[in-house]
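Taking it in order: structure first as structure tokens, then the write-up.
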Amino acid sequence: MTPETLEYTAVAFNIGYVILAARENIWCWPLGIIGSALSIWLFIDSKIYAESVLFTYYVIMGFYGWRAWNRGKSDSGKFEIRTLTIPIHLGILLGGYAATVGLFFLLKTFTDAEMPLLDSFTTIFSFIATWMVAKRIIENWLYWICINALTIYLYYSRDLNVYAMLSVVYTVLAVYGYFAWRKDFEKQTLTS
């Protein structure tokens, strides 16, 4: 498989993942696992090392999310959507920034990474947002809107134009996902 074919195939699976996740469909997880596995080598080849580690994490979290969502349905067959308090989000943000600085120094010191700060930021916060998706925390979509907007530039600057376009699509889908989950969260709140 050529790198270009691999990139397009991975993108197709990854788009499928986000669409199904926004619709709270459990089959998002196998698509995400396949798309992430295909993406790993592309990022290594492009010297975006933290992204390749991130996509390895996505594969692992794909299995975790699949299992968690399989167990987390309510009596209505829907997944229970959760929210976090502002103090918890502030703690997440502070921890995320600290981890970003740590990863930045590692990448800057030990690799030939092209954009270590942006790569570190998007990677660390993607770890966090992915965990939030698996836990069905509604604010994950707000994190993804910011992360995806930043990865447009990261990928475009490394000539990963298909992934840059994927990030544009992801940004739009994250907005859709937020409002879809918000609607379900409000219904869930009214019935409980």
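Residue numbering for the sequence shown follows this note's numbering, starting at -5 and increasing by one per position.
Even for Gly, the Cβ is constructed at its ideal location relative to N, Cα and C.
- The secondary-structure analysis by DSSP pairs Arg76 across a beta bridge with Ile131.
- Cβ atoms of Phe119 and Tyr137 come within 8 Å of each other, at about 6 Å.
- Each of Ala6, Ile13, Glu1, Thr(-1) was checked against the Cα of Leu167, and the nearest Cα belongs to Ile13.
- One alpha carbon belongs to Tyr51, the other to Met109, and they sit about 20 Å apart.
- Boundaries of the alpha helix (DSSP H) harbouring Ser30: 22 to 39, taken from the DSSP string.
- Around the beta carbon of Met(-5), a 10 Å sphere encloses fewer than 16 other beta carbons of the protein chains shown; the residue is thus reported as exposed.
- The closest CA to that of Val169, considering only Ser151, Arg152, Ile139, Phe179, is found on Ile139.
- Note that the segment 44 to 62 does not touch the segment 80 to 91; fewer than 3 beta-carbon pairs, one per stretch, sit closer than 8 Å.
- Three or more Cβ pairs closer than 8 Å define a contact, and the segment 141 to 157 meets that threshold against the segment 38 to 53.
- Gly56 has its alpha-carbon roughly 14 Å from the corresponding atom of Ser33.
- Cα atoms of Leu160 and Thr185: separation of roughly 36 Å, rounded to the nearest angstrom.
- Excluding residues up to 5 positions away in sequence, Pro110 lie with their Cβ nearer than 6 Å to the Cβ of Lys102 in the same chain.
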